[in-house]
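Here is the structure we will look at, set down as C-alpha cells.
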Amino acid sequence: MSVRRAVFIALFTTGAAAMIYEIVLLRELAIVLGATETAAGIILSTFMAGLAIGSKAFGGYSERVEDPTGLFIRMELAIAACAFYLLPIARMLPQVHDWTVELFIAVMALLPPTILMGGELPVAGRLLAQEDRRRGEEERTGEYIGYAYSADTLGGIVGAAATGLVLIPYLGAIKTMLLGAMLNVLSGAVLAVRRTLPRGEVPVMAALPLAILLIVGLQAMDITSIELQLVNRIYEYRVIYTEQTVYQRIDIINHTDFGKSLFLNGQLQMTVEDEPMYHENLIHPAMVAHPLPRRVLIIGGGDGGALREVLKHGPEEVTLVELDERVVSVARDLLPEVNQGAFDDPRVTLEFNDGRYVLKSAVEAGRTWDVIICDLSDPTTGPVAMLYTREFYQLVKSALDDGGVFITQATSPYWYPDAYASITRTLADSFTVVHPMVTWVPTFGMWGYVVASNGPDPATMSTEEIISRLRERDITTTHYTARAHARLFILPGSVETALANPKVPVSTDDNPFVLYAMQEEDD
Ligand code: SAM
Numbered sequence: 006m007s008v009r010r011a012v013f014i015a016l017f018t019t020g021a022a023a024m025i026y027e028i029v030l031l032r033e034l035a036i037v038l039g040a041t042e043t044a045a046g047i048i049l050s051t052f053m054a055g056l057a058i059g060s061k062a063f064g065g066y067s068e069r070v071e072d073p074t075g076l077f078i079r080m081e082l083a084i085a086a087c088a089f090y091l092l093p094i095a096r097m098l099p100q101v102h103d104w105t106v107e108l109f110i111a112v113m114a115l116l117p118p119t120i121l122m123g124g125e126l127p128v129a130g131r132l133l134a135q136e137d138r139r140r141g142e143e144e145r146t147g148e149y150i151g152y153a154y155s156a157d158t159l160g161g162i163v164g165a166a167a168t169g170l171v172l173i174p175y176l177g178a179i180k181t182m183l184l185g186a187m188l189n190v191l192s193g194a195v196l197a198v199r200r201t202l203p204r205g206e207v208p209v210m211a212a213l214p215l216a217i218l219l220i221v222g223l224q225a226m227d228i229t230s231i232e233l234q235l236v237n238r239i240y241e242y243r244v245i246y247t248e249q250t251v252y253q254r255i256d257i258i259n260h261t262d263f264g265k266s267l268f269l270n271g272q273l274q275m276t277v278e279d280e281p282m283y284h285e286n287l288i289h290p291a292m293v294a295h296p297l298p299r300r301v302l303i304i305g306g307g308d309g310g311a312l313r314e315v316l317k318h319g320p321e322e323v324t325l326v327e328l329d330e331r332v333v334s335v336a337r338d339l340l341p342e343v344n345q346g347a348f349d350d351p352r353v354t355l356e357f358n359d360g361r362y363v364l365k366s367a368v369e370a371g372r373t374w375d376v377i378i379c380d381l382s383d384p385t386t387g388p389v390a391m392l393y394t395r396e397f398y399q400l401v402k403s404a405l406d407d408g409g410v411f412i413t414q415a416t417s418p419y420w421y422p423d424a425y426a427s428i429t430r431t432l433a434d435s436f437t438v439v440h441p442m443v444t445w446v447p448t449f450g451m452w453g454y455v456v457a458s459n460g461p462d463p464a465t466m467s468t469e470e471i472i473s474r475l476r477e478r479d480i481t482t483t484h485y486t487a488r489a490h491a492r493l494f495i496l497p498g499s500v501e502t503a504l505a506n507p508k509v510p511v512s513t514d515d516n517p518f519v520l521y522a523m524q525e526e527d528d
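Okay, structure coming up:
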C-alpha cells in the first residue's frame, strides 16, 4: 500500500470517527443542556474552535517534527482515549445544577479531542509533502492535499449518516462512542502497519472484516452494568433500570420514601407513592365535567397512570398516543402498580407516534374525541414545546366534539410561573372556557394544570353534581373528591400575580415562549 493511500484511508476513518463523536455528544448534551439553538450553537462552535486551534498549532509543529507518522498515530490514540471520558462527563453534568457551569465543563471537555482532530489534516499534509518530495513530485502536493481533505470529508459524511440512522438506534450511545474510539485506533493502525509493512496490501484487506467484527462484537457486548454505574452516579438512590431509547433516557430509581420513581432525561415524571395525587387531579376534573365521555384521547402518559384513572369513568374507547414505545413497555414490566393492567384493557388502543402528528391526521380525517388529555413531559425541549403552542391547541380544539373538554399538565407555577402563565394564555387564545388549576404533590411541590372546553365549565359545577357523577360511574379515588374539586381552582396569590403578568405572550410554533421561559428559570 502506498503512503498516499494509507493517509487517505486513515483520514477517511478518522473523519467518520469525528462525526460519531459530534453527533453522539450533540444528542447527549441536548438532553442535559436543552435541545436549544443556544446549546447547539455553543457545542458546534466549540467543535469548530477546537479544529481551528488544532490546525494552527499542529500546522507549525508538524513542520518541526522528525516523524509525522508517529505523531499522527499518537494523535489518533489520544483522540480514542478522549472518547472514553466524554460520555461519562456528559452524563454526570446534571449533577452540577447550574447551566453556565455545565456549559463550561462541556466546552472544556470537548476542546482536547477537537484540537487533536484539527491537527490531523496539517500532519497528514506534511506526510504527503514528504512523500511527494521523496518521489520528486512536489508539484502534485496541492492535488494530494485536496484528496486528503475529500477523504476526511467523505468519512465525515458516512460517519454522520451511519451514526444518526443506524449506530445510535441499534448500538446506543455508549457502544457508538466505543466504535468511534476503535475507528481512531484503526486510523492510526493503518499508518503504523504501513510503516512496518511498506508494500503489504494485507492491512487494507483486513480493515473491512475487522470493522464488521468490531460492530458484531459491540452489538454482543453487554454494557448494562456500565450504563447502570454511569447513571447511578447521577442519583442519590439506587438505580434499578436505565435505558437510552431513540427519544430519551429512561431511569427508574428506588427512593427510600417514595418507592420506584420514573425519570426521563433526568427529570422526575412520577413516583409510585404520590403519583395518584398528580394523576387523579389531572384526569377527574376534566372527565367529570363531561356528561358522557365515551371517546378519550391521552397524549403522552406512557407510565399508564392517567389511563388507569380515565378507565374508571367507563369510556367506550381510549386512545393513548405515546411517542416512546419503550416507556410503555418499561412501565408495563417495572411499574405494574401504576398502570394496573390498563394497557391491556380491550377498550384501549396504543399508538406509538408523535401526539401532534396524530392529532393533525385526526383533524384531517374528521376524527373527534369527547375528552383530550395531555400528560406530556415539561416543555423543556423544542420538540415537546410544540405540543404547548397556539397551533397545537387549535388542533386540539378541532379534534374535540361539541361540548368536549381538554386538560393538560402545565408544569409547576412555583418553579416556572411564566411558562405556566403562557400555557394558560395560549389556551385562552383558542378556547372560551379556560381555567388554570393548582394542586400539591409531595415530590413535585406546587403543580399546575389548565383545563379548557368548548362547552361544560368544570369550575362552576356544584359539589352535588360532581358527587352524583362520581357515584353514577362508581368511581373511587384516594385524593380527588367532589369537595376537593372546587379547591383546585382556588389559586395562591403568587400564581394569580404570575397569570396577570402582561409581559407573558402566547406561545406559537414560531415563538415558543413557553420553552424559553422554562430554560430561563433553569439557569
Ligand atoms: N407526569 C409527567 C410529568 O410530570 O411531566 C408526565 C409523564 S409522561 C411519562 C410524559 C410522556 O410524554 C413521556 O412518556 C414522553 O415519552 C411522552 N411524550 C413526549 N413528547 C411526546 C409527543 N410529542 N407525543 C406523544 N408523547 C410524547
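Per my numbering, the sequence shown starts with residue 6, numbered consecutively.
The C-beta atom is built at its ideal place from N, Cα and C for all residues, glycine as well.
Here the structure is a predicted model, which is why all the values come from computation and not from measurement.
Host alpha helix (DSSP H) of residue i (start-end)
i: A404; result: R395 to A404
i: S155; result: T146 to A167
i: K496; result: Per the sequence shown, the amino acid found at residue 496 is Leu instead of Lys. Element bounds for L496: n/a, residue is neither H nor E.
i: A291; result: E280 to A294
i: G574; result: The displayed coordinates of the chain run from 6 to 528. Any statement about residue 574 would go beyond what the structure contains.
i: Y425; result: P422 to A433
Reduced DSSP category for residue i - H, G, I as helix; E, B as strand; rest coil
i: Q414; result: strand
i: P203; result: Since pLDDT at P203 reaches only 49, below the 50 mark, its modelled position is unreliable, and the value read off the structure follows with that caveat. P203: coil per DSSP, three-state reduction.
i: N259; result: strand
i: D407; result: strand
i: I4; result: Residue 4 lies beyond the range of the chain shown here (6 to 528); nothing can be said about it.
i: Q274; result: strand
i: T444; result: strand
i: D514; result: coil
i: V198; result: helix
i: D527; result: helix
i: E321; result: coil
i: R474; result: helix
i: V519; result: helix
Nonlocal neighbours in the same chain, by C-beta distance under 7 Å from residue i, ignoring five residues either side
i: A426; result: A503, L504, N506 and V509
i: P281; result: T483 and H484
i: A311; result: H284, L287, I288, I303, I378 and D380
i: H58; result: The question names His, but residue 58 is Ile in the sequence shown. So the qualifying residues of the chain are I120 and G123.
i: C87; result: P117 and P118
i: A165; result: M24 and I28
i: D527; result: W104
i: G264; result: T276, V277 and E278
Contact set for residue i: own chain, Cβ-Cβ below 8 Å, skip 5 residues either direction
i: T168; result: M24, I25, I28, V29 and T181
i: Y246; result: I255, D256, I257, V335 and L339
i: R313; result: H284, V343, N344, Q345 and A347
Segment limits, beta strand (DSSP E) that includes residue i
i: Y136; result: The question names Tyr, but residue 136 in the sequence shown is Glu. Where E136 is concerned, there is no enclosing beta strand (DSSP E), although the alpha helix (DSSP H) it sits in stretches over W104 to R140.
i: L269; result: G264 to L269
i: M466; result: Run containing M466: none; DSSP gives neither H nor E here.
i: R243; result: R243 to Q249
i: R300; result: R300 to G305
i: V315; result: V315 -> not in any beta strand (DSSP E); alpha helix (DSSP H) instead, spanning G310 to L316.
i: S458; result: G450 to S458
Same chain only: Cβ atoms within 6 Å of residue i, ignoring 5 sequence neighbours per side
i: P174; result: V251
i: P298; result: M292, H318, P320, D375 and V376
i: E322; result: R300 and R352
i: L364; result: L400 and A404
Three-pair Cβ contact test at 8 Å for the stretch 16–25 versus the stretch 156–174 | yes
Inspect the CB distances between the stretch 482–496 and the stretch 329–338 and report whether three or more fall short of 8 Å.
-> no
Any chance the stretch 258–266 sits against the stretch 412–432, with 3 or more Cβ pairs inside 8 Å?
-> Contact between the stretch 258–266 and the stretch 412–432 is not established, with fewer than three Cβ pairs separated by less than 8 Å.
Any 3 or more C-beta pairs closer than 8 Å across the stretch 459–473 and the stretch 265–274 | Output reads no: the stretch 265–274 does not touch the stretch 459–473.
Complete beta strand (DSSP E) runs within the stretch 325–377 (minimum length 3 residues, chain order) = For the stretch 325–377, whole beta strand (DSSP E) runs of length 3 or above, ordered along the chain, are 353–357.
Length at least 4, wholly inside the stretch 46–102: the alpha helix (DSSP H) runs in chain order = 73–97
Inspect the CB distances between the stretch 435–442 and the stretch 398–409 and report whether three or more fall short of 8 Å.
-> yes
Do the stretch 451–463 and the stretch 408–418 touch if we need at least three Cβ pairs shorter than 8 Å?
-> yes
Are at least three pairs of beta-carbons, each pair with one atom in the stretch 186–199 and one in the stretch 51–68, less than 8 Å apart?
-> no
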